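Residue numbers for the sequence shown follow the numbering used here, so the first one is 22 and each next one is one higher.
Glycine included, each C-beta is placed from N, C-alpha and C at the ideal position.
Fair warning: this is a prediction, and the values are worked out from it, not measured in the lab.
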Amino acid sequence: MCCLCVGRLLSMLYYLSRYFFLLVTPSTLCYDHSYADIAPVNSINDCRNILSIAFLLICLTITRYSLGRTCLFTLCSLIFMLVPSIIFSNIFFPVGTVLGERLLYLPSIGFCMLIGRCVSNTHKLTRPFVFVFFIVVVALFVIKSRQRTFDWNAEDVLFLKDVEGCPRSVKILNNAGVVLMNKGDLSTAGRYLQLAVDLRPSFKEVYGNLGLLLYKQTRYSDAIQTLEHSARLNSTNSEDYAYLGMSYLALGNRSEAIRNLRMSTGVLGSSKFMPFHELGKLLLTSSCVESIRLLEVAASLLQSNRKTLLEWRVHNPLNIRHQLGVILGDLALAYQSCRLFKQSVLTYRKAIQLTPSAFQIYNNYGLVLLEMASDVPTGRTTVWGLRHQLLLAAARWSLTKAYRLQPTSAEVLNNLGRFYERVRRKATAAHYFSKALSVAVQQKASFQQVIEQNLARIRFSISAERT
Numbered sequence: 022m023c024c025l026c027v028g029r030l031l032s033m034l035y036y037l038s039r040y041f042f043l044l045v046t047p048s049t050l051c052y053d054h055s056y057a058d059i060a061p062v063n064s065i066n067d068c069r070n071i072l073s074i075a076f077l078l079i080c081l082t083i084t085r086y087s088l089g090r091t092c093l094f095t096l097c098s099l100i101f102m103l104v105p106s107i108i109f110s111n112i113f114f115p116v117g118t119v120l121g122e123r124l125l126y127l128p129s130i131g132f133c134m135l136i137g138r139c140v141s142n143t144h145k146l147t148r149p150f151v152f153v154f155f156i157v158v159v160a161l162f163v164i165k166s167r168q169r170t171f172d173w174n175a176e177d178v179l180f181l182k183d184v185e186g187c188p189r190s191v192k193i194l195n196n197a198g199v200v201l202m203n204k205g206d207l208s209t210a211g212r213y214l215q216l217a218v219d220l221r222p223s224f225k226e227v228y229g230n231l232g233l234l235l236y237k238q239t240r241y242s243d244a245i246q247t248l249e250h251s252a253r254l255n256s257t258n259s260e261d262y263a264y265l266g267m268s269y270l271a272l273g274n275r276s277e278a279i280r281n282l283r284m285s286t287g288v289l290g291s292s293k294f295m296p297f298h299e300l301g302k303l304l305l306t307s308s309c310v311e312s313i314r315l316l317e318v319a320a321s322l323l324q325s326n327r328k329t330l331l332e333w334r335v336h337n338p339l340n341i342r343h344q345l346g347v348i349l350g351d352l353a354l355a356y357q358s359c360r361l362f363k364q365s366v367l368t369y370r371k372a373i374q375l376t377p378s379a380f381q382i383y384n385n386y387g388l389v390l391l392e393m394a395s396d397v398p399t400g401r402t403t404v405w406g407l408r409h410q411l412l413l414a415a416a417r418w419s420l421t422k423a424y425r426l427q428p429t430s431a432e433v434l435n436n437l438g439r440f441y442e443r444v445r446r447k448a449t450a451a452h453y454f455s456k457a458l459s460v461a462v463q464q465k466a467s468f469q470q471v472i473e474q475n476l477a478r479i480r481f482s483i484s485a486e487r488t
């Protein structure tokens, strides 16, 4: 116990001395010297204690000078410099770091006051030379401060710059890994995140980011292992459960995917739209009512809190519109599954406005219009007959638009065939069914048999009419 107290005291003195000498010579600046970048002092024989002794001697000398000459200004300058540093040095309570330039704003004021007092007390003959010297030093540090300001303007620049000067700070390694992951440099990001894990295995934040990286690298089994460990360390992080669910889904384990996505949406205070969206898509075939509820929540979260897009690493407003359009397209499909055609049509229209290049939305919109037309009487002279014709015209426009956007989609070609079969243009329907079948064979589509049945049916109908 005594050894621990001595080690803690020596470490705190060393941290204070580093703060002081960083004010004297701010050559290497770093926003956070966290764990492993500055090792604690555990022994009296550690050579770093020399720096602590020098710092104590300087403080004692200044204090003795101030008390001997009753110079309250100098004493206040020393107190103003030391008291904030003592608070930040983890003596009384942990602050999450041991050294950082961002913690030196108040101590730097006291240090400047102290230097100003020392310069004013120099001899008259040497004072001009001292002033010139300090003007040069101040000019150099002004230039350095100006350059450093540009680093602080952007987080990605700050993190990547500081990881070079503090290569063993787990916080910097974690943040630099996230920045590089957002930029697409997954290999370097993985190296930084793995190094952070190796330096401090108990650092909770890094496991979630490493799991996300492994998911993006399609290493789903490794991602599951890492994200499960992260969830054990921090059970309130909804993003861990969300990417766990998506990893299980990528491996074909639907039940585990649903379970983890439910846990993600059930985390108290969860404001992430992604798990609601993914779970809503998964439940579309089994529970359209619950799917609607989840997709409505996802759309609401995305519209009300744009900051949630940071989880997708999206900063472009065009991508915000596209993501919202995708969610609304899935919500419209859920309405369609529950046969809520009016809500489905209105939602599809909103989705098309947001994502005018998404062929799948046009394809599904055409299908719901075609389905609505099937429920309307076909007479040409009545209001219902006019509505039937308008629905068919809108379905044709939507399906044709989907075909223009994606002419090699077997699903779109098959749906166009269904439309022309519905309006009794059987030759055109057979043409599209035939094209759909050839594309499905090339792409090895799972619904190839359905297209074959449609083509066989329409050909039989054509041959029957000829005979």
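Check	Outcome
V407 and V444 closer than 8 Å at C-beta	The sequence shown places Leu at residue 407, rather than the Val named in the question. No, Cβ-Cβ distance for L407 and V444 is not below 8 Å.
For L305, the three-state DSSP class (helix, strand or coil)	coil
Inter-stretch contact at 8 Å, needing at least 3 Cβ pairs: the stretch 66-83 / the stretch 140-156	no
Reference R123, options W173, L72, S251 and F468, closest by Cα	W173
Helix, strand or coil at L388 [DSSP, three-state]	helix
Sufficient close CB pairs (3 or more, under 8 Å) joining the stretch 374-381 to the stretch 345-357	yes
Residue closest to R39, alpha-carbon to alpha-carbon, out of H250, N70 and K192	N70
Whole-Å CB distance - L21 paired with L248, under 8 Å assumed	Outside the displayed span of the chain (22 to 488) sits residue 21, for which this structure offers no information.
contact_flag[the stretch 298-307, the stretch 273-285] where n(CB pairs < 8 Å) is 3 or more	yes
Per-residue burial, L191 [other beta carbons within 10 Å of its own, 16 or more giving buried]	The residue asked about is misnamed: residue 191 is Val in this sequence, not Leu. It is buried - the Cβ of V191 has at least 16 other Cβ atoms within 10 Å.
Span separating the alpha-carbon of S455 from that of A466	14 Å
Proximal residues to L231 (C-beta, below 6 Å), its chain only, five neighbours per side dropped	L214 and T247
Whole-number beta carbon distance between L437 and L458, since they are thought to touch under 8 Å	Not a contact, Cβ separation roughly 13 Å.
Contact belief for T84 with L96 at Cβ below 8 Å, rounded distance in angstroms	7 Å
Proximity below 8 Å, CB of F380 to CB of S430	yes
Rounded separation between Q410 and L390 - CA only	11 Å
H409 - partner residues in DSSP beta bridges	DSSP, once it has assigned bridges, lists no residue as partnering H409.
C-alpha distance - T306 paired with A355, whole-angstrom precision	9 Å
Residue range of the unbroken alpha helix (DSSP H) whose run includes Y52	Taken as a continuous stretch (DSSP letters only), Y52 belongs to no alpha helix (DSSP H), as it is neither H nor E.
F180 versus Y241: straight-line alpha-carbon distance, rounded	28 Å
C-beta atoms of S251 and G287 nearer than 8 Å	no
Inter-residue CB distance, A263 and K293 (contact presumed, cutoff 8 Å)	6 Å
Residue environment, I74, which counts as buried when at least 16 other CB atoms sit within 10 Å	exposed
Cβ-heavy atom distance, T306 to the ligand GDP, below 7 Å	The ligand GDP is not part of this structure, which contains no ligands at all.
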